[in-house]
Amino acid sequence: MNTGKYTRLEIFAKALQAGGSVRVISNDGECQEIPAGQASYKWIQIPVDKNTEYEILCEECQVSICYLSGCENILDEGVCYLEQDENGRFIRMRESDWYDSPIRETYHFTPWKNWINDPNGLCWFQGYYHMFYQFNPHSQKWSHMYWGHAASRDLIHWTHLPVALEPQEEILRYPDELDGGAFSGSAAVMGDEVVFYLTRSREPRGKVEQILQQQWRMKSSDMLHFTKEELVIGERPAGASPDFRDPKVMRADGRWQMVLGSALEGKAAILKYESEDMESWEYTGPLLTEEEDGIRCVECPDFMELDGKYLVIGALMHHQDPFGRYQMSRYHVGDFKEGIFTEESRGWFDFCGNCYAMQSFEHDGRRISIGWISDFYGEHQEEENGVCGSMTIPREMHIRDHRLYLTPVKEIEVLKMGALYQGHGEEISLKDITPNAYKAELEFDGDCPFSICLSENGGSRMLLIYDEKGLRLRTYGVKSEHVTFPADVDRVEKLEIFVDRRTAEIYVNDGEAAGTKLFYDTSDAGCFILHTDTPECIKRAEVFCMRSIWA
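Throughout, the working numbering is defined as the position within the sequence shown, counted from one, plus 1.
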């Protein structure tokens, strides 16, 4: 393996037996040997010389993630991932080849492999968009939480950066006894540095009542190195549940505001703290309480001023609605005066069942959100070197007529390439779209009932249906087939549909509703089949291939 422009090797290794280690040998024979982790994977960081050949030997240990880092322009270049071949040798991997696979999205962000959940610390800083995220580098299941990190100049094309945070030392020492790690948090840009707030969670396995969740702060001036974490909120307020996490910080009413997800006196709630200096925080009570039963807590709350109103968003843990949708995210529009939020309207952030834990930030006059594409219906298909989870297309947010509107950021248009279909006034039947990555744009003249097949896999299908019952998405032959996903709209005038292998994102009437749904098809042969009894109502229809963001 040649290091090229990189100066550090980072490898996560776990011993298979006592004495397991990683040895790195340069071409002049110099050897560095580091013991692998005994109970958990150990994050090993080894300095290396540029443009030098090295041999990596794993003695009685296994490796989950390995990459080169430390180059001068790493925000643009990103890390260089290494994978073991059939002989155990570590070789450089090209992102364009790695991501060209039906088992992962091609223009939605995913990590290199394994598990991803909530976006964290979204911000724009010194010319780059930054996205941290909940990450398990070691398997395709939720486990002890790290923070992964990626950067972008355009919100679309991302570079992978070094892992930012790992679980607490105690958790790594006793992984079979303790759950937790670096849970979700947010970022506040303050001139030439960024202030991060996050939850550190520690839970004796199987003892939910003993969860300890505290809020911590750290800073960075380059988004690669971070100050030592400082405890800012150590105890939850009286009446709050042990679920006490996911700080989002913003400024309103002339003070810094922090919202946290929890439950208060048995009702899911968003709790609010205030501060003058971002260091000392005072609890001021609930910002919002969900009166509906059956919700364990609010997770990943967001709070912002938008288009002259205030918007509160919360992900509802263990909630199930009458249509069978599980763990949806609800938004609330209203006013905020003298520390009190007054709700005027509410709705669902995403009408399908696979978008959760959204987080937003503001840059250049735009409020932009990214959500985690989750798998609450247990439909993930685990494949070697696969990934569980991804992120939505970044969405621009607006409030119009007391309703939240979400549209894909305009930058996504750069990925459109050759047209698969352009026409009007007729039904459409596109089969064997390979690779299965496309965008469809539709406009209707008058009321036009239709059925659109967005995915087929043997006897399984995913349909977008519009008729006298309204607009809804349905799946058949998969685990979510018992669930209906209705969009809360009165008519369908325009549709933007993004299909990216196993993910579909649907935007209705310039953002009046948005929906995200998973559908697994490992064949990578997609389809777009529109049937209607009134084809003359199709005013415009175009279907385009979409480029990979990793090419």
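Even glycine gets a Cβ: it sits at the ideal position worked out from N, Cα and C. Just so you know, these numbers come straight off a predicted model, no measurement behind them.
Determine the contact status of residue 30 and residue 60, defining contact as a CB-CB distance below 9 Å. no
Per DSSP, what kind of secondary structure is residue 268 in: helix, strand or coil? strand
Does the stretch 502-520 touch the stretch 413-422, meaning 3 or more C-beta pairs lie closer than 8 Å? no
Using DSSP's beta-bridge definition, name the partner residues of residue 546. 439
How many whole angstroms separate the CB atoms of residue 159 and residue 141, which I take to be in contact at a CB cut-off of 8 Å? Residue 159 to residue 141, Cβ: 20 Å. No contact.
If you draw a straight line from the C-alpha of residue 438 to the C-alpha of residue 5, how long is it? 33 Å
Could you pull the DSSP bridge partners for residue 487 from this structure? 473
Excluding the five sequence neighbours on either side, which residues of its own chain have a C-beta within less than 6 Å of the C-beta of residue 512, listed in chain order? 406, 407 and 408
Would you list the one or two residues that DSSP bridges to residue 59? 23
Complete runs of the beta strand (DSSP E) confined to the stretch 159-231 [at least 3 residues]: 159-166, 179-191, 194-205 and 213-221
Any 3 or more C-beta pairs closer than 8 Å across the stretch 123-133 and the stretch 94-106: no
Residue 313 to residue 84, Cα distance in whole Å? 43 Å
Which residues does DSSP list as the beta-bridge partners of residue 527? 434
Would you mind working out which of 441, 14, 189 and 345 sits nearest residue 401, comparing C-alpha positions? 345
Taking 9 Å as the threshold (C-beta atoms), are residue 7 and residue 71 in contact? yes
Any contact between the stretch 302-320 and the stretch 277-294? By contact I mean 3 or more CB pairs, one from each, below 8 Å. yes
In whole angstroms, give me the CA-to-CA distance for residue 540 and residue 442. 11 Å
By the DSSP assignment, the alpha helix (DSSP H) with residue 383 in it spans what residues? Residue 383 -> no alpha helix (DSSP H), and no H or E assigned at all.
How long is the line joining the alpha carbons of residue 135 and residue 169, rounded to whole angstroms? 14 Å
So who's on the other strand from residue 290, going by DSSP bridges? 270
Give the single residue among 520, 428, 448 and 350 whose Cα lies nearest to the Cα of residue 508. 350
Would you give the residue range spanned by the alpha helix (DSSP H) that residue 75 belongs to? 75-78
Integer-rounded CB distance, given that residue 38 should sit under 8 Å from residue 122: With a Cβ gap of about 26 Å, residue 122 and residue 38 do not count as contacting.
Roughly how many angstroms separate the alpha carbons of residue 416 and residue 547, rounded to a whole number? 5 Å
So, using beta-carbon positions, are residue 1 and residue 79 closer together than 9 Å? A question about residue 1 goes unanswered here, because the residues of the chain that appear run from 2 up to 552.
Using beta-carbon positions only, say whether residue 456 and residue 522 come within less than 9 Å of one another. yes
Are residue 374 and residue 392 close, meaning C-beta to C-beta below 9 Å? yes
Quick check on residue 489: buried or exposed, where buried means 16 or more other Cβ atoms within 10 Å of its Cβ? exposed
Proximity to residue 310 [Cα-Cα], best of 334, 252, 149 and 23: 334
Identify the continuous alpha helix (DSSP H) that holds residue 98 and give its terminal residues. 96-99
Alpha-carbon to alpha-carbon, residue 531 and residue 44: 50 Å
Counting only the same chain and skipping the five closest in sequence on each side, list residues whose C-beta sits under 6 Å from that of residue 58. 24
Kindly indicate if chain D contains any beta-carbon less than 9 Å away from that of residue 145. Included in the structure is just one protein chain, with no chain D present.
Starting from the C-beta of residue 193, find all residues in its chain whose C-beta is less than 7 Å away, skip the five residues before and the five after it, and write them out in chain order. 222
Can you round the beta-carbon distance between residue 486 and residue 473 to whole angstroms, since I take them to be within the 8 Å contact cut? 6 Å
Name the residue from 372, 348, 397 and 359 whose alpha carbon lies nearest to the alpha carbon of residue 366. 397
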